[in-house]
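FYI, the numbering for the sequence shown is 11 to 261, going by the working numbering. Beta carbons: idealized from backbone N, C-alpha and C, even for Gly. Below is one structure, written out as structure tokens; comments come after it.
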Amino acid sequence: MDPFETEILAEPELDDPVLVEGLPGVGHVGKLAAEHVLEELDSTLVARVYSTHFPPQVTVEDGTAELAHAEFHAVETEDGSDLITLTGDHQAQDNEGHYGLTDTFLDVADRLGVQRVFALGGVPTGELIEEYDVLGAATTDELVDELESAGVEFREDEPAGGIVGVSGLLLGLSGRRDLPAACLMGETSGYLVDPKSAQAVLEILQDVIGFEVDFASLEERADEMEEVVRKIQEMEGGGPAASEEDLRYIG
């Protein structure tokens, strides 16, 4: 097996498609957001990417094993640009893999005619939060202006340490290809999976691109996570659980 292998399954005709990346990261914010789009809108699996830089494992569903990979789905929207979502259960395990996979992902995006790239993720606050924002980074002044108008915050020296993994490299390598790219990062405690942060990111994304999804299932997951937090606090503190008001923005 080669270090990076692409399997093309379909080549749909799309209208100015936008790549939306949601791989595992802080709070699983980007992964939750991208997978929610696939749950709510009709999509077609168009490509898989395999790599020896993924963890050496398979997933097993109903007894059937499948090698670790990332997937591209085409999503046709009624209002704005069509979407290409990039999802998966893993990121690379080393620096060479991160660079090689991101280049491979952008090769697939180029083949599908992608015009812009949006990487989705979370930025950790290290504490439970009641109010949250979506932070941004972009490769062009035009994208910065557009995202600021949609409510994205661009803070000096944040996120601290930069953006690592595929989300960061999508900006860096897209810039070298003259492909406009941005990263949307929802604030999250960083402790648990955070559906509410994912919703905040998606609300910005759908405003910028021009599509609409229902958030009922994400809100239900957020309620479930709040119950988990309350139980953890009870076990650790031995006292009464925090109120819903205290936890409403923790996933």
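Mind checking who residue i pairs with in its DSSP beta bridge?
| i | result |
| --- | --- |
| L126 | Residue identity differs from the one stated: residue 126 is Arg in this sequence, not Leu. Answer by DSSP bridge pairing, in chain order: V28. |
| Y60 | E15 |
| G98 | A80 |
| A192 | F128, A148 |
| E163 | L145 |
| A312 | Absent from the structure is residue 312, since the part of the chain shown begins at 11 and ends at 261. |
| T54 | A84 |
| P134 | T198 |
| L228 | L228 pairs with nothing; no bridge assigned. |
On the criterion of 16 or more Cβ atoms from any shown chain inside 10 Å, does residue i qualify as buried, or is it exposed?
| i | result |
| --- | --- |
| I18 | exposed |
| L55 | exposed |
| P7 | Nothing can be reported for residue 7: it is not among the residues displayed for the chain, which extend from 11 to 261. |
| A232 | buried |
| S227 | exposed |
| A84 | buried |
| A57 | buried |
| G172 | exposed |
| G73 | exposed |
Using a Cβ-Cβ cutoff of less than 8 Å, which residues in the same chain neighbour residue i once the five nearest sequence positions on both sides are dropped?
| i | result |
| --- | --- |
| I242 | none |
| L157 | G146, A148, F164, A192, L194, I214, V218 |
| A160 | I214, D217, V218 |
| E137 | S199 |
| Q103 | H63, F64, P65 |
| R187 | L116, D120 |
| T150 | P190 |
Going by C-alpha to C-alpha distance, which of the options sits closest to residue i?
| i | options | result |
| --- | --- | --- |
| M11 | T62, G37, A57 | T62 |
| M235 | L96, T150, M245, D204 | D204 |
| D120 | H100, S184, D104, E71 | S184 |
| L212 | E86, D233, K41 | K41 |
| H108 | R186, L179, D25, V239 | L179 |
| T16 | A75, E152, G110, V85 | G110 |
| E202 | H38, F14, P13 | Sequence check: residue 202 is Leu here, not Glu. Nearest C-alpha to L202: H38. |
| E152 | G175, D167, R126 | R126 |
| A44 | V59, G73, D99, T74 | D99 |
| A20 | T97, E81, Q101 | E81 |
| H46 | V154, D167, T97 | T97 |
| T135 | V36, V154, N105 | V36 |
| N105 | V239, E244, V176, R240 | V176 |
For residue i, which residues in the same chain have their Cβ closer than 7 Å to its Cβ, ignoring the five residues on either side in sequence?
| i | result |
| --- | --- |
| P169 | V133, L145, M195 |
| Y142 | G196, E197, S207, A210, Y259 |
| G123 | L24, P27 |
| D113 | L183 |
By Cβ distance below 6 Å, which residues in the same chain neighbour residue i in space, the five residues on each side in sequence not counted?
| i | result |
| --- | --- |
| A75 | V68 |
| F14 | S61, G110, T114 |
| V174 | none |
task: Report yes or no: do three or more beta-carbon pairs, one from the segment 56-75 and one from the segment 27-44, lie closer than 8 Å?
output: no
- request: Specify whether the segment 192-207 and the segment 121-138 touch according to this definition: at least 3 beta carbon pairs, one from each stretch, less than 8 Å apart.
  value: yes
- request: Could you tell me whether the segment 43-53 touches the segment 217-231, where touching means 3 or more Cβ pairs closer than 8 Å?
  value: yes
message: Using 8 Å as the cut-off, can you tell me whether the segment 20-28 makes contact with the segment 78-94, which would need three or more C-beta pairs spanning the two stretches below that distance?
response: yes
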